[in-house]
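Residue 1 is where the sequence shown starts when you use UniProt numbering, and the numbers rise one by one after that.
C-beta atoms are modelled at their ideal positions from N, C-alpha and C, and glycine is treated no differently.
Data first, discussion second: the structure below is written as C-alpha cells.
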Amino acid sequence: MTEPVQISIPVDGGDLAALHWAADAPGSPIAVLVHGITANALAWAPVAAALAGEFEVVAPDLRGRAGSAGLPGPYGLERHADDVATLLDRFGADGDAGADATVLVGHSMGAFVAALAAAGTARDRVHGLVLVDGGLALPEPPGADVDAKLAAVLGPSLDRLSTTFPDLAAVRAFWAQHPAVGPWVDVPAVAAFLARDLVPGAVPLRSACVPEAVRVDGGDVLLNERVLEATANLPVPATLLWASGGMLGQRPGLYDEVRLAGLGLEPAGITAREVPGTDHYSILWADQGVAAVADAVRAAAART
Numbered sequence: 001m002t003e004p005v006q007i008s009i010p011v012d013g014g015d016l017a018a019l020h021w022a023a024d025a026p027g028s029p030i031a032v033l034v035h036g037i038t039a040n041a042l043a044w045a046p047v048a049a050a051l052a053g054e055f056e057v058v059a060p061d062l063r064g065r066a067g068s069a070g071l072p073g074p075y076g077l078e079r080h081a082d083d084v085a086t087l088l089d090r091f092g093a094d095g096d097a098g099a100d101a102t103v104l105v106g107h108s109m110g111a112f113v114a115a116l117a118a119a120g121t122a123r124d125r126v127h128g129l130v131l132v133d134g135g136l137a138l139p140e141p142p143g144a145d146v147d148a149k150l151a152a153v154l155g156p157s158l159d160r161l162s163t164t165f166p167d168l169a170a171v172r173a174f175w176a177q178h179p180a181v182g183p184w185v186d187v188p189a190v191a192a193f194l195a196r197d198l199v200p201g202a203v204p205l206r207s208a209c210v211p212e213a214v215r216v217d218g219g220d221v222l223l224n225e226r227v228l229e230a231t232a233n234l235p236v237p238a239t240l241l242w243a244s245g246g247m248l249g250q251r252p253g254l255y256d257e258v259r260l261a262g263l264g265l266e267p268a269g270i271t272a273r274e275v276p277g278t279d280h281y282s283i284l285w286a287d288q289g290v291a292a293v294a295d296a297v298r299a300a301a302a303r304t
C-alpha cells in the first residue's frame, strides 16, 4: 500500500496535520478526504491508495483529533469547513474552468463538513463532491440532550474517549468487541488507523480525540440548520454512497431507500447509490466500498 507523507497546513490557531499521497504528474486532480467524528486521516488509507498516483490525495486530521488534537477551539463544522478551505488554498485549488479538478470527499460527519465547505467557504474551488454515508439529515436518535443522542449513535466509539489502555493489545481487544470494526482490527491499514487515534507517548494509552470537539461537532450534525441545509445549495452535482448497515452493523443503516426518498435529493443534484455488503465503517475498507468511493471520485473529476 502506498505510504503517505505527513504535512502541516497553517490554519487559525496553529497547524493542521494531514496525510498526503502524491500524484505521479503535475497538474493532476486533487481529492480531499474528510473523516468522521471520532476518526482520523488514516480511516481513508485504502481509498487513498486506490487514488494515489492519479490524484493528489490529501486527508486532514480534523481539529481536535489525532495529529490536530492540539488545535484550539472553538470547534464546530463551520470551523472544519474553514480549515478545509485553507487546505485547498495550500494546494492551489481554484474554480477556473481550466484548473485542476478538486473533489471533496467526506465520510459520516466529514460528509457534512465537505458539503458545508462546498456550499460556502470553498464554493469557487470545488468541482465535485462525494458524500460517503453522511452529509444528509440523519434519523433522530433517542435521548433528551446532545450527550445522550451522541451516546445512542456512537456507542463504543464514544466510550473509548474516557477509557485508558495499558498497551496496544488492550486497544485491539477493545475494538475487537465492536460489532462493525471488530472484523477488521487485524487488517494492517485499519490497525494503523486505530493506532493513530492514540496520544503519542501517553502512559497509559488513550484517545487523542478532544471530547469537547466531539460534543460540539456532534451537536452541529444533529441540530445546526446551516449544516443540515448545506446540501440544498451545492455548486456542483454530488454523489451519495450509502452503506447497507449502520454504525454497529445493524440494518437498516443511517440511510435506506425509504428515508432517501423523502430528502429531496434530485432537486439538489444529488445521486444516491447503495454499496451492498458494507456498514458505516467497512464502506471505507471493504473492496467493494473502496472501489465505489474511488470510482465516484474519478467520475466527479471527469465531469469538469
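For the ligand MN, I want to know if residue i counts as a neighbour, meaning its beta carbon is within less than 7 Å of at least one of the ligand's heavy atoms.
i, result
"residue 203", "Absence of the ligand MN from the depicted structure is noted, as is the absence of any ligand whatsoever, leaving it without description."
Among the residues of its own chain, which have a CB less than 7 Å from the CB of residue i, if the five just before and after it don't count?
i, result
"residue 47", "33, 284, 290, 293, 294"
"residue 121", "81, 82, 85"
Using the C-alpha atoms, what's the distance from residue j back to residue i?
i, j, result
"residue 282", "residue 156", "16 Å"
"residue 3", "residue 144", "44 Å"
"residue 184", "residue 209", "21 Å"
"residue 286", "residue 82", "31 Å"
"residue 264", "residue 232", "9 Å"
"residue 86", "residue 211", "24 Å"
"residue 97", "residue 304", "Confidence is the limiting factor: at residue 97 the pLDDT is only 36, short of 50, which leaves the residue's position unreliable and the question unanswerable from this model."
"residue 128", "residue 297", "8 Å"
"residue 207", "residue 167", "12 Å"
"residue 95", "residue 84", "Unreliable placement is indicated for residue 95, whose pLDDT of 46 sits below 50; no coordinate value is reported for it."
"residue 252", "residue 271", "19 Å"
"residue 239", "residue 273", "8 Å"
"residue 236", "residue 154", "31 Å"
"residue 99", "residue 160", "Low confidence applies to residue 99: its pLDDT is 45, below 50, so where it sits in the model is not reliable enough to give any reading."
"residue 73", "residue 132", "26 Å"
"residue 188", "residue 7", "22 Å"
"residue 109", "residue 30", "21 Å"
"residue 216", "residue 56", "31 Å"
Under the assumption that residue i contacts residue j (Cβ atoms under 8 Å), give the Cβ distance between them as a whole number of angstroms.
i, j, result
"residue 118", "residue 126", "5 Å"
"residue 213", "residue 64", "3 Å"
"residue 135", "residue 169", "Actually they do not touch by this definition, with Cβ atoms about 36 Å apart."
"residue 269", "residue 234", "6 Å"
"residue 241", "residue 275", "5 Å"
"residue 193", "residue 45", "7 Å"
By Cβ distance below 6 Å, which residues in the same chain neighbour residue i in space, the five residues on each side in sequence not counted?
i, result
"residue 5", "20"
Report the residue from the options whose alpha carbon sits nearest the alpha carbon of residue i.
i, options, result
"residue 165", "138, 180, 140, 198", "198"
"residue 179", "275, 280, 133, 230", "280"
"residue 58", "148, 92, 78", "92"
"residue 151", "186, 219, 237, 106", "219"
"residue 51", "68, 66, 69, 24", "24"
"residue 243", "66, 216, 89, 288", "288"
"residue 250", "90, 278, 148", "278"
Less than 8 Å between C-beta atoms, sequence neighbours within five positions excluded: which residues of the same chain meet that for residue i?
i, result
"residue 113", "34, 62, 77, 80, 81, 84, 106"
"residue 158", "38, 150, 151, 214"
- Item | Length at least 3, wholly inside the stretch 5 to 76: the beta strand (DSSP E) runs in chain order | 5 to 11, 14 to 21, 30 to 34, 56 to 60
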